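*Asks:* Okay, here's the structure, questions in a sec.
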Ligand SMILES: [Mn+2]
């Protein structure tokens, strides 16, 4: 069964970014519950910015699960990523992600690695960067396994990374790992830019996709752009996808309306 989730950002530096709810975790959770979501996805400033006991209580009080936790603050706030030329900074990037895995894991949630994958440029060529990324994915996937949750690796569009920009490129990376605890995060916005056929791309990655960012072609909530969700829903049904559709969308026209728009589209097409 596919479950619904909605994003909450606790990082002021990304204001204007694609998160439905902002700043106030208890209020966001109450609204997620009221609108009928199964879970929230949290974008924290770091792995120790939120008291895990407090988050556990907020989730329990609202009958919500924690769908996933994002790590992009490591890039946005600290300009860290896994393919930097400086080994010390690469290690800091990895430690930042591990810290979030240690926060999310005990709460039953996978950690997302998107912008922290970085990019190759300057002195770092493509194959060197690929080596850095594979090594980090294996290490971080193993770290997540102690909590029985996967690490989620997210291909991004060409303007945000030059590592993996399609689901097929993501699968190729995953197949090159020693371990098997990394799943793909399929983001429908990035896919709309990079895939030839998003539904076909999802079908081809059966078994590899662990999480989906549910959003439209223009990063507005589903239904407010030009993605056709009928073939997407058919593909997810065919591959028996049973993870989350998580609304990583602009709070357009406002957070409440974005949440309501998303859950209406979820109910129309995916459950
Ligand atoms: Mn995303």
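In our numbering, the protein residues as written are 3 to 273. Just so it is clear, CB atoms sit at the ideal spot from N, CA and C, and this is done for glycine as well. All figures in this text were calculated on a predicted structure; none of them were measured in a lab.
Please classify residue 192: is it buried, with 16 or more other beta-carbons within 10 angstroms of its beta-carbon, or exposed?
*Replies:* Mapped onto the chain shown, residue 192 falls at position 190. Buried is the call here.
*Asks:* Does ligand 1 have a heavy atom nearer than 7 Å to the CB of residue 156?
*Replies:* If you number the chain shown from 1, residue 156 lands on position 154. Yes, Cβ of residue 156 sits closer than 7 Å to a heavy atom of ligand 1.
*Asks:* From the DSSP secondary-structure annotation, give me the bridge partner or partners of residue 211.
*Replies:* Residue numbering aside, residue 211 sits at position 209 when the chain shown is read from its first letter. 186.
*Asks:* Suppose you measure from the CA of residue 44 to the CA of residue 168; what does that come to, to the nearest Å?
*Replies:* In the chain shown, counting from the first residue as 1, residue 44 sits at position 42. In the chain shown, counting from the first residue as 1, residue 168 sits at position 166. In a straight line, the C-alpha of residue 44 is about 24 Å away from that of residue 168.
*Asks:* In whole angstroms, what separates the C-alpha of residue 208 from that of residue 173?
*Replies:* Start at 1 with the first residue of the chain shown, and residue 208 comes out as number 206. Start at 1 with the first residue of the chain shown, and residue 173 comes out as number 171. Whole-angstrom Cα-Cα distance: 10 Å.
*Asks:* For residue 85, count neighbouring Cβ atoms within 10 angstroms of its own Cβ and tell me buried if that reaches 16, exposed if not.
*Replies:* The count along the chain shown starts at 1 and reaches residue 85 at position 83. Per the 10 Å Cβ criterion, buried.
*Asks:* Taking residue 45 as part of the beta strand (DSSP E), name the residues at either end of that continuous run.
*Replies:* Here residue 45 refers to the residue found at position 43 when the chain shown is read from its first residue. Segment 41–45, the beta strand (DSSP E) holding residue 45.
*Asks:* Cα-Cα, which of 87, 154, 150 is closest to residue 121?
*Replies:* Along the chain shown, read from residue 1 onward, the residue named residue 121 stands at position 119. The shortest Cα separation from residue 121 among 87, 154, 150 belongs to 87.
*Asks:* Quick check on the burial criterion: 16 or more other C-beta atoms within 10 angstroms. Buried or exposed for residue 119?
*Replies:* Position 117 of the chain shown, counting from 1, holds the residue named residue 119. Buried, since its Cβ has 16 or more Cβ neighbours within 10 Å.
*Asks:* Whole-angstrom Cβ separation of residue 257 and residue 23, contact assumed at under 8 Å?
*Replies:* Position 255 of the chain shown holds residue 257. Position 21 of the chain shown holds residue 23. Indeed, because the Cβ distance is near 5 Å, the residues count as touching under 8 Å.
*Asks:* Once DSSP output is grouped into helix, strand and coil, what is the label at residue 67?
*Replies:* Position 65 of the chain shown, counted from the first residue, corresponds to residue 67. The answer is strand: DSSP assigns residue 67 an E or B state.
*Asks:* Which class does residue 5 belong to by DSSP, given the choice of helix, strand or coil?
*Replies:* By 1-based counting over the chain shown, the position of residue 5 is 3. Residue 5: strand per DSSP, three-state reduction.
*Asks:* Going by the beta-carbon positions, is the gap between residue 112 and residue 157 smaller than 8 Å?
*Replies:* The residue given as residue 112 occupies position 110 in the chain shown. The residue given as residue 157 occupies position 155 in the chain shown. Contact flag unset, no.
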